[in-house]
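Residue numbers (mature numbering (1 follows the signal peptide of the UniProt record, and there is no 0)): -22 to -1, 1 to 308. In what follows, a structure is listed as C-alpha cells, so that the remarks can point back to it.
Below, the structure written as C-alpha cells:
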C-alpha cells in the first residue's frame, strides 16, 4: 500500500480502534416546585441535570406544582425519580426522611454536616435498597411559626388557635393537639391560602416561600414570625432503585453535598424578601421550653415508628459536637 493511501486510512483505523461510547440512560424526574417551571427548585434541578450527563444519565425534568401528584406519578411509573420535600420523602425512606424531624437540626451548619455524613459511601446501605433509594438532598431552609397575632408568642397562648398541618404527616397533628391547639388538615398547595384568608391562625413555613405565597397578607396587620426555627426543611431525590445503575446514586449524593453551599446561598437570598418588622423575639427560657418539648416529641414519635432511631442518634451527636453545653449532651 502506498504511503498516501495509508495516510488517508489512518483516521479511519484510529476511529475503529476506539471503544464505542454507550448511549446515555434516559430517565424522567418529577420535580415539585410550587412556583412551577420557572421556580427556583426547577432551576436547581436543571443544573443537576447538566452534571448528570457526565454520569451517562440524560434526564427529562417534569415540573409539578402538586407534590401529591408528583409522588403518585413516581409510584405509578410516570417518572423514574422525584424531587420532593423531606417530609413527603419519609414515606419512601424513613432514615433520610427523619432529617426533617422537629427540632433535630438547629441550624444550617448542622445540616451541612449531615449532608457530609450522608454523602459517604458508608451510608449507602441506609439510603439504597428496597424499591426506592435516596439520590441526594438539598436544604430548603428553616421553617418558622407564622402567626396572625403576634401575641401568640408562647405555647400556652397557642391553645385554642387553629393551626394548619400537613394532612399526610401524622406527626404534626399530634404535636399541635398536645399544646391545646386545633389542627386543620392542609397541604402545601392550600396552607398559605388558609392563612392569608384567616381560616387558620398559625402555619409553619420556610422563609423562602414568603414572597411566592404572599404570606405578608396573612401576617397583616398584627401578625409576626416567631424568631425560632422549628426544623430545617430539605428537598430529596427519591429514585426507583431498579431504574438506575447503583453507582449513580452515590455520584448524585456527592453532587448535592459538593453544591450544598450554593443551595444554601440561594435559600438565604430568597429569605431576604421577609420584612424585618415581622420578627417576634422570644425569651431564652421559652426557647428552652421549646427544646424540651421537641426532644420529648422526637422520642415519642421514634417509639411510635415515625422517626428512624439511627438518624436521630446521628443528629444528636452532631448537635453535641457543635454545642457540648446542651443538656442532652451531658
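C-beta atoms are modelled at their ideal positions from N, C-alpha and C, and glycine is treated no differently.
C-beta atoms of residue i and residue j nearer than 7 Å
i, j, result
"residue 375", "residue 209", "Coverage of the chain is limited to positions -22 through 308, which leaves residue 375 absent and any answer about it impossible."
"residue 202", "residue 128", "yes"
"residue 89", "residue 120", "no"
"residue 143", "residue 151", "yes"
"residue 86", "residue 242", "yes"
"residue 249", "residue 186", "yes"
"residue 115", "residue 28", "no"
"residue 81", "residue 272", "yes"
Contacts around residue i, its chain only, beta-carbon distance under 8 Å, and the 5 residues preceding and following it disregarded
i, result
"residue 138", "158, 159 and 160"
"residue 99", "228"
"residue 21", "none"
Reference residue i; option with closest CA among the options
i, options, result
"residue 23", "251, 136, 113 and 189", "113"
"residue 188", "122, 81 and 296", "122"
"residue 198", "124, 55 and 298", "124"
"residue 110", "25, 217, 146 and 4", "217"
"residue 301", "83, 73, 65 and 26", "83"
"residue 14", "192, 45, 86 and 289", "45"
"residue 101", "81, 2, 73 and 85", "73"
"residue 288", "303, 71, 155 and 37", "71"
"residue 372", "167, 32, 28 and 220", "What is shown of the chain runs -22 to 308, which leaves residue 372 out entirely."
"residue 222", "293, 177 and 36", "36"
"residue 265", "220, 251, 204 and 227", "204"
"residue 155", "133, 227 and 269", "133"
"residue 226", "17, 31, 18 and 291", "31"
"residue 55", "291, 219 and 299", "219"
"residue 64", "263, 176, 247 and 147", "147"
Same chain only: Cβ atoms within 7 Å of residue i, ignoring 5 sequence neighbours per side
i, result
"residue 285", "76, 79, 276 and 279"
"residue 282", "none"
"residue 51", "8 and 57"
"residue 91", "296"
"residue 49", "60, 62 and 66"
"residue 3", "34, 35 and 36"
"residue 299", "none"
Near the ligand FMN: residue i beta-carbon under 6 Å from a heavy atom
i, result
"residue 204", "Within the structure as shown, the ligand FMN is missing, as the structure has no ligands at all."
Exposure of residue i, with buried meaning 16 or more beta-carbon neighbours within 10 Å
i, result
"residue 214", "buried"
"residue 314", "Lying before the first or after the last residue shown, residue 314 is absent from the chain, which here runs from -22 to 308."
"residue 297", "buried"
"residue 274", "exposed"
"residue 163", "exposed"
"residue 240", "exposed"
"residue 200", "exposed"
"residue 207", "buried"
"residue 107", "exposed"
"residue 25", "exposed"
"residue 253", "exposed"
"residue 105", "buried"
"residue 193", "buried"
6 Å Cβ shell around residue i - same chain, five flanking residues per side excluded
i, result
"residue 131", "258 and 260"
"residue 140", "160, 162, 178 and 179"
"residue 149", "279 and 284"
"residue 322", "With the chain covering -22 to 308 only, the question about residue 322 has no answer from this structure."
"residue 251", "188 and 189"
"residue 53", "none"
| Should the stretch 232 to 239 be regarded as contacting the stretch 170 to 178, the criterion being three or more beta carbon pairs within less than 8 Å? | Judged by Cβ distances under 8 Å, the stretch 232 to 239 makes no contact with the stretch 170 to 178, as fewer than three pairs qualify.
| With a cut-off of 8 Å, do at least 3 Cβ pairs link the stretch 83 to 103 to the stretch 178 to 187? | Look at the beta carbons and you see the stretch 83 to 103 not touching the stretch 178 to 187: under three pairs across the two are nearer than 8 Å.
| Is it true that the stretch 2 to 13 meets the stretch 38 to 49, where meeting means three or more beta-carbon pairs spaced less than 8 Å apart? | Remark: three or more beta-carbon pairs, one from each stretch, lie closer than 8 Å, so the stretch 2 to 13 and the stretch 38 to 49 are flagged as touching.
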